[in-house]
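Notes follow once the structure below has been shown.
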Amino acid sequence: METENRKLIGVTGALVDVAIAFCVFLVFMFVIIPPHVPIYNPTWKMIFSGYCSVVMGGFTWLALCLFRVTLVDQLRRRKSESK
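Per the numbering used here: the sequence shown = residues 1 to 83.
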């Protein structure tokens, strides 16, 4: 019962998810998206690329959090079944 009451994600895990999603993925998408924006003005192209990158970074962060929680829960269940 003690293992079920613990948190599925800690502060370190949340910080790693934020770092991956908003530092790595956001910068990567900000570089990839501008050629696909159908606007000729470079300023607006960067603005729209930034907005799109933020949204995609948010979805990446959410997916990483859900993956981490599912993985930790699965590992805990497997560990408790083996005891």
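Think of the CB as a built atom: it goes at the ideal place given N, C-alpha and C, for glycine as much as any other residue.
(message) Rounded to the nearest angstrom, what separates Val85 and Leu62 at their Cα positions?
(response) Since the first residue of the chain shown is 1 and the last is 83, residue 85 is not available in this structure.
(message) Restricting to runs no shorter than 3 residues, where is the beta strand (DSSP E) found entirely within the segment 5-39?
(response) Whole beta strand (DSSP E) segments, 3+ residues: zero.
(request) Go ahead and pull the three-state DSSP assignment for Lys83. (result) When DSSP states are grouped into helix, strand and coil, Lys83 belongs to the coil group.
(request) Out of Arg76, Phe22, Pro38, Pro42, state which residue places its alpha-carbon closest to the alpha-carbon of Ser53. (result) Closest by alpha carbon: Phe22.
(message) I'd like to know if the segment 11-26 and the segment 34-46 are in contact, where contact means that at least 3 CB-CB pairs between them fall below 8 Å.
(response) Contact between the segment 11-26 and the segment 34-46 is absent, because fewer than three Cβ pairs lie under 8 Å.
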